Structure formats: structure tokens, C-alpha cells
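Colleague:
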Amino acid sequence: MTTTASAPGRPAPVKPGRPLRIRRRMTPRRAGSIALKTLVIGFLLAITVLPLIWLLLGSLKTQTEWLNSPSWALPENFLNFENYQVAWVDGDIGRYILNSALATFPSLALIVVLGVAAGFALEVLVWKGRGGVLLLFLAGIMVPGQMILLPLFSAYFQTHLTGTIWPLILTYTATGLPLTVFMMATYFRAVPREIFEAAAIDGASIYRSFLSIAFPMVRNAVFTVALVQFFFIWNDLLIALTFTSVGDFQTIQVGLLNFTGQFGQVQYGPTFAAICINVVGILVLYLFLNQRVMRGLTAGSVKG
Amino acid sequence: MNNVFGNKRAVLVFVGPALLIYTVIMLVPVLWSLGYTLFTGSVITGFEFSGFDNFAKLFSDPKVGEALLFTLKYAVILTVGQVLVGYALSLLYVFWLRKASSLVRTLVFFPIVLPTVAVSLLFQKMFEVAPQNGIVNEFINFFGLPSVDWFGSPDTAFLVLVIMDIWRSMGFYAVLLYAGLLDIPEEVMESARLDGAGGWTLIRRIVIPMSLPVLLSSIIFSINGTLKVFDSVLALTNGGPGSSTTPLTLLMFRTAFSYGDYGYGSTIALLLTVICLLVTVFIFRSSRRDLTKG
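Quick note, the sequences are listed as chains A and B, same order.
The first sequence begins at 296 in my numbering and counts up one residue at a time.
The second sequence begins at 4 in my numbering and counts up one residue at a time.
1) Can you tell me whether DSSP reads Glu51(B) as helix, strand or coil?
2) Examine chain B for any beta-carbon lying closer than 8 Å to the beta-carbon of Met479(A), and answer yes or no.
3) Using the rule of at least 16 other Cβ atoms within 10 Å of the residue's Cβ for burial, across every protein chain shown, is Ala330(A) buried or exposed?
4) What are the boundary residues of the beta strand (DSSP E) that Gly44(B) is part of?
5) So with Cβ pairs under 8 Å, would you call Ala300(A) a contact of chain B?
6) Tell me, please, whether the CB atom of Asp234(B) is closer than 8 Å to any CB atom in chain A?
7) Tell me whether Gln284(A) is buried or exposed, calling it buried when 16 or more other Cβ atoms sit within 10 Å of its Cβ.
8) Comparing alpha-carbon positions, which option in Leu405(A), Ala398(A) and Val421(A) lies nearest Ile501(A)?
9) Could you check the C-alpha separation between Gln562(A) and Met129(B) for me, to the nearest Å?
10) Counting only beta-carbon separations shorter than 8 Å, does Thr229(B) have a partner in chain A?
11) Establish whether the CB of Gly564(A) and some CB of chain B are separated by less than 8 Å.
12) Indicate the three-state DSSP secondary structure (helix, strand or coil) for Leu420(A) in the structure shown.
13) With H, G and I counted as helix, E and B as strand and the rest as coil, what does DSSP make of Ala499(A)?
14) Can the beta-carbon of Val476(A) be found closer than 8 Å to that of Leu417(A)?
15) Compute the beta-carbon to beta-carbon distance between Phe52(B) and Phe42(B), rounded to the nearest angstrom, for a pair I have assumed lies under 8 Å.
16) My assumption, with CB atoms under 8 Å, is that Met442(A) sits in contact with Ser235(B). Please give the rounded CB distance.
17) Pick helix, strand or coil for Ala521(A), following the three-state DSSP scheme.
18) Runs of 4 residues minimum, wholly inside the stretch 379-403 of chain A: which ones carry the alpha helix (DSSP H) assignment?
19) Considering only the alpha carbon of each residue, which of Ile336(A), Ile342(A), Phe483(A) and Lys332(A) lies closest to Ile166(B)?
20) Taking Cβ positions only, does Gly376(B) come closer than 8 Å to chain A?
21) Just to confirm before moving on: does the CB-CB distance between Tyr176(B) and Val86(B) stay below 8 Å?
22) If you draw a straight line from the C-alpha of Gly427(A) to the C-alpha of Met512(A), how long is it?
23) Mind pulling the chain B residues with CB within less than 8 Å of Ile577(A)?
24) What residues from chain B crowd round Phe526(A), counting only those whose CB sits closer than 8 Å?
25) Within this structure, are the beta carbons of Leu463(A) and Leu409(A) separated by less than 8 Å?
26) How would you call Val579(A), buried or exposed, if buried means at least 16 neighbouring beta carbons within 10 angstroms?
27) Take Val438(A) and list the residues in its own chain whose beta-carbon comes closer than 8 Å to its own, dropping the five residues that flank it on each side.
28) Return helix, strand or coil for Thr270(B), following the three-state DSSP convention.
29) Give the residues of chain B in contact with Leu417(A), contact being defined as C-beta atoms less than 8 Å apart.
30) Considering only the beta carbon of each residue, do Met173(B) and Gly89(B) sit closer than 8 Å?
31) Report buried or exposed for Trp203(B), applying the criterion of at least 16 other Cβ atoms within 10 angstroms of its Cβ.
32) So, with DSSP's three-state summary, where would you put Phe432(A)?
33) Can you give me the Cβ contacts of Val7(B) inside the same chain, cut-off strictly under 7 Å, excluding the 5 residues immediately before and after it?
34) State buried or exposed for Ser63(B), treating a residue as buried only when at least 16 other CB atoms are found within 10 Å of its CB.
35) If you scan the stretch 223-287 of chain B from start to end, which runs of the alpha helix (DSSP H) of 4 or more residues do you find wholly inside it?
36) Counting only beta-carbon separations shorter than 8 Å, does Met213(B) have a partner in chain A?
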């Protein structure tokens, strides 16, 4: 009675670990759900992308087009790059970008070298007071930039560094270190100690361990940290504005801020082109490295 | 082994340079800035000892009151806005779009990496009214409504600022919270579903309580960032109209560099730092109390 009447009435066996899924027919409700989903995705993409497309189109329009047709109108000539030429040559955007690069990359190099070494010392080496030093670095994440601006301005002024690129490099390096040291210490914590112990037994000095083992092992993390710092420094306004008010080292952000004022009345095309140049550079970087950027920036924030 | 890992000279070589730069450029200036609060003047005009005058002035200055109020209003509204919109997006990613969310996630995240100055100038043009209507006013006109002078009144200027900053940061907070939601063990969700919890109940009883830690760190991060708002205000409204959208950071900057009073500027900076500290400590403690209660 029980053992033989098995096959027809029994439900099909369910594969373990997988929820039972019944193929649903296309009911109106399901079709509605798909439509709603498409609508929401479309809306999210539109509010993110449309302003940027408007920016790009605006940079291709002439001043006459700007003043005589509504601002949503498409450019008459999609290959009109004259505004870019004006922004680059007359607006000095090229020089501002060069200045930004001159300030950003040396700072980045310093932050990475000093930060990775400090993270290594704080996590792998054993010494008294390392907890205190780590806390000291951590405190720096909290301090608002405004708190150190004025003394630094005085100090740079008195040491005649004002007007050179050095105030930017030094300040960016110092403000970038706390987060970098902290993140690197976290990464080194994940590396098994046994690896360094084995290296020591094999006769490697601590410097050798650092250069041949530790650094290569966290190379990926170093790149991520550098990327995060790059965005912080490249996009910074406060420090750049304070230390480049005198001299020829205004960064792209400061230059862009002064851009409209420089031209007197509003020159729409060149202004849009200048903003666009600033945006496109970051966009290209983001196109290639988006997953890493997302991971890095979110890691940097939770810890901070 | 201890000789290798406890090598004092190696410690100095590795941590020394970083500590030196950090101390000279950050720690010393913080103390130095504390010293400035007792003086008046600037590095160009020279300093004059003024005792606690700056603090007396700080508590009676209507400009500081206004800036403080604006800073707090901005920080509270933006923190709530950023975290709520971000959380809503992250729930959307995890429970509704699922696998399809990768592209949306990446795209909506993008504005946070853009330079604030560029975004501010773009929004300025989008909300412009004269000499040429921006795209937002064109849109409003399309529905037959008159153009709005967005930067002409404090309230609308504030609204544009909030819209812009939420636009910039919602994707970032969405990804931050998304990572937190993914950490909720699948078994917990599954057993809740088996117990009959679905949709709203599931979110309220399981998802929200289990993502509290990451929500909390988002709130702390957000409030710390928004209290220090500078770039977006300076580039979007320049503190105007009048001084209605001037936060403490901008007031400090103006006091120090336009009026040349480093002492008073440092006092305002100190006020800002103290507020940041207090708020963080307060959130931490109140959250701890809640956790023990639950």
C-alpha cells in the first residue's frame, strides 16, 4: 500500500540547497513588475547621466547658440571643438592641469612610500608604543583641515615657501598619511606572520623582508590606497585655494573656480568645455578602474 | 627572531619619516592653532595678545550663530537624506534588481569621484535663470510654470545645494550600505522567510536591525563630512545670497583670509573641531546604549 504507490503522487525531488522555483507564466502582474523595474533603472540612469550629457553637448555650442536657443537644444555642429581650444589656450586649463599633476603625483609617491613603511612598522614589527602611535595617526583622520590651515600658512610664509609648489606637496602628504597608514596597517594584519618569520629564519633582514615580501604582497592594496588618495588630492579645493592664492601654481580646481570671473561676462561654451575637460579625465580613469575605485573609497570611509 | 622584528633602528627607519612629516605638518599646527585663539591679527600684520576676547566674541557674534545654525541644518538634513536615499538604493540593489544591479551601481556611484568644483559649476548652470534659463527652468516652463530664481533666495539656494550633494553622494552611500546588506547571512534571511516573513516585515524585523552597524558608520561618516562642507558651498552659492548659506568652514576662511584675523579664524576652526568630536562621541554612545537595551 505504501511502498508501491510511490511514483505518481510524490512531488519531484528538490535539489538540496536551492530554493524551489516554479516557472511563472507572464501574468499582467509580472509584466507590470518588469515594466516598473525598467522604469526605475531608467530613472536612476537618467538622473545620473543626463546632467553629464547636457554638459558635453553644452561644450560644443557657440555663444550665439547659447544665447539664441533654449538650453536643451542640441549643438548645430557636433564637431565644434573651438570652445576646448579657447579653454585650453586662453583659459590656461592646460597649465592648471599641469600644476595639479605637479602637486598630486609627488604627494602620492610620498604618501605611498611613507604610509606603507609606517603601516609595516606598526603591524609587523614588535615595539613598545606602537598602539599609541597608531592611535596618534588615527586622530588625524578626524581633524578638520581648517584647524591646521592658518599655522601652516604662517609657517610657509616665514620659510618663504609661499608661492612655490612645496606647500601643496607637504600639506597633501601630511593630510593623506593618517588614512593611508591606517589602511595599510589593516592590510598587513591580514598577511600571516609566519611568512615574515620564515623569511627571518632564512636569514632575510627586516629591510629585505619589507622590499621582497611585504611590499609585493600588498601591491594591490597599495594601488587601491593610492587611487583613493589621488581622488582626495586631485579634487581638493580648500588646501589648494589657501596656498596658491599667490604664485603660479593654481591647481585645476582653483583655476576652474576662477574661470568664469576671468572671462568677465559668462562665456558659456568655454566654461562648459573647461568643466568637461575636468570631468572627462576622471571619467576615463573610472571607466577602467571603477570596481577598484568603489572598493577603495568605501573601505576608506568605513574605517575612517 | 626578536632581533629581527624588534629591531629598534628598523622601527625608526620605517615609521620615523611618516611620523615626522605628520607631526610637523599636522599635530604641531593643531596645537599652534590653539595658541592662535588667544591672539588677534595675522602673519602679515603681526599678532597681538588678546586673552579670551576671541571666545567672548565667538559666543556673541551673530554671524557665528547664523553659520553654526546653517552648518547644523545642512549636516542633519544631508546626513538623513544621504543615508536614507543610499539605503533605499541599496535595498533596491539587493532585493529587487539583484544581479542586474551591477551596472546601475557603478554608474550611480560615479558622481562622487567627480571634482566638487566641476559638479557645482554644472549645477549652477543647470539651475540658472539669467541671462539664460538653465535646463531645470526650461523643464519647469514646459509644464507652464514660471522660472524660479533658484539662487535668489536662501531657501531655494539651500534646496539646490541639498539636491546637488545628494546627487553626488547617493551612489556612494548605496554601495557602502550594499556591502553591509550582503553580509547578512543567507540562513537568517531564509529562516525568516520560512517563518512567513516577507517584504516589508522582513526588511523591518531582520534587514534593518542586522544592518544597524553599517548604517551607524555611514551616519558618522556622513555627519563628519557634512559638518566640514566647504567646496560645494563655495563653488555653488559662494555663501549667498547675502550670507544665508555660509557654513562655519567658509566663515572661518573669510575671517582669516579676507579680514586677516587668524586668531578669530582659529577660534571658529576650534569650534568646528569640537562640534565634530562631540557629535561623533554622542552618536557612538547613544548607539551603544541602544544595543545593550535590545
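Glycine included, C-beta positions come from ideal geometry on N, C-alpha and C.
Here the structure is a predicted model, which is why all the values come from computation and not from measurement.
Modeller: Taking the geometry as given:
1) Taking the second sequence and counting its residues from 1, the one referred to as residue 51(B) is at position 48. It is a strand residue.
2) In the first sequence, the residue the question calls residue 479(A) occupies position 184. With 8 Å as the cut-off, Met479(A) does not count as an interface residue toward chain B.
3) Within the first sequence, the letter at position 35 stands for residue 330(A). That one is exposed.
4) Taking the first residue of the second sequence as 1, we reach residue 44(B) at position 41. Unbroken beta strand (DSSP E) run through Gly44(B): Phe42 to Ser45.
5) Position 5 of the first sequence, counting from 1, holds the residue named residue 300(A). Caution applies to Ala300(A), whose pLDDT of 41 falls short of 50 and renders its modelled position unreliable; the value that the coordinates give is listed next. Ala300(A) does not count as touching chain B.
6) For the purposes of this step, residue 234(B) is identified with residue 231 of the second sequence, where counting begins at 1. Answer yes: the Cβ-Cβ gap between Asp234(B) and chain A drops below 8 Å somewhere.
7) The structure shown does not extend to residue 284(A), since chain A is modelled only from 296 through 599, so no value can be given for it.
8) Locating residue 501(A) in the first sequence gives position 206, counting from the first residue. The shortest C-alpha separation from Ile501(A) is found at Val421(A).
9) Sequence index remark: in the first sequence, residue 562(A) carries index 267 (1-based). Sequence index remark: in the second sequence, residue 129(B) carries index 126 (1-based). Rounded to the nearest angstrom, the two C-alpha atoms are 15 Å apart.
10) Counted from its first residue, the second sequence places residue 229(B) at position 226. Taking Cβ atoms only, chain A never reaches closer than 8 Å to Thr229(B), which makes this a no.
11) As a working note, residue 564(A) is residue 269 in the first sequence. No, because no Cβ of chain B sits closer than 8 Å to the Cβ of Gly564(A).
12) What you label residue 420(A) is simply residue 125 of the first sequence in a count that begins at 1. Here Leu420(A) sits in coil by DSSP.
13) On the first sequence, residue 499(A) is found 204 positions in, with the first residue counted as 1. Three-state result, Ala499(A): coil.
14) Taking the first sequence and counting its residues from 1, the one referred to as residue 476(A) is at position 181. Taking the first sequence and counting its residues from 1, the one referred to as residue 417(A) is at position 122. Their beta carbons are under 8 Å apart, which means Val476(A) touches Leu417(A) by this criterion.
15) Sequence index remark: in the second sequence, residue 52(B) carries index 49 (1-based). Sequence index remark: in the second sequence, residue 42(B) carries index 39 (1-based). Between Phe42(B) and Phe52(B) the Cβ distance is about 6 Å, and since that is below 8 Å, they are a contact.
16) Here the question's residue 442(A) lines up with position 147 in the first sequence. Here the question's residue 235(B) lines up with position 232 in the second sequence. The Cβ separation is near 20 Å, so there is no contact.
17) Translated into the one-based positions of the first sequence, residue 521(A) becomes position 226. Residue state, collapsed to three classes: helix.
18) none
19) By 1-based counting over the second sequence, the position of residue 166(B) is 163. The candidate whose alpha carbon is nearest that of Ile166(B) is Ile342(A).
20) Summary: the structure shown does not reach residue 376(B), with chain B confined to residues 4 through 297, and so no result is reported for it.
21) For the purposes of this step, residue 176(B) is identified with residue 173 of the second sequence, where counting begins at 1. For the purposes of this step, residue 86(B) is identified with residue 83 of the second sequence, where counting begins at 1. Yes; because the gap between Cβ atoms is below 8 Å, this pair is in contact.
22) Here residue 427(A) corresponds to residue number 132 of the first sequence, with the count starting at 1. Here residue 512(A) corresponds to residue number 217 of the first sequence, with the count starting at 1. Each residue's Cα considered, the two are about 26 Å apart.
23) Counted from its first residue, the first sequence places residue 577(A) at position 282. Within 8 Å Cβ-Cβ: Val116, Leu117 and Pro118.
24) Along the first sequence, one-based indexing puts residue 526(A) at 231. Within chain B, the residues near Phe526(A) are Val116.
25) Taking the first sequence and counting its residues from 1, the one referred to as residue 463(A) is at position 168. Taking the first sequence and counting its residues from 1, the one referred to as residue 409(A) is at position 114. No, the Cβ-Cβ distance between Leu463(A) and Leu409(A) is not below 8 Å.
26) Reading the first sequence from its first residue, position 284 is the one you call residue 579(A). Val579(A) comes out exposed.
27) Along the first sequence, one-based indexing puts residue 438(A) at 143. So no residue of the chain qualifies.
28) Taking the second sequence and counting its residues from 1, one reaches residue 270(B) at position 267. Looking at Thr270(B) - three-state DSSP - the assignment turns out to be helix.
29) Within the first sequence, the letter at position 122 stands for residue 417(A). Residues of chain B passing the Cβ test: Val18.
30) Your numbering for residue 173(B) matches position 170 in the second sequence. Your numbering for residue 89(B) matches position 86 in the second sequence. Yes; because the gap between Cβ atoms is below 8 Å, this pair is in contact.
31) As a working note, residue 203(B) is residue 200 in the second sequence. Label assigned to Trp203(B): exposed.
32) Taking the first sequence and counting its residues from 1, one reaches residue 432(A) at position 137. Phe432(A): helix per DSSP, three-state reduction.
33) Taking the first residue of the second sequence as position 1, residue 7(B) is located at position 4. So no residue of the chain qualifies.
34) Sequence index remark: in the second sequence, residue 63(B) carries index 60 (1-based). Exposed.
35) 234-239 and 251-260
36) To locate residue 213(B), count along the second sequence from 1; it is residue 210. Output row for Met213(B): interface = no.
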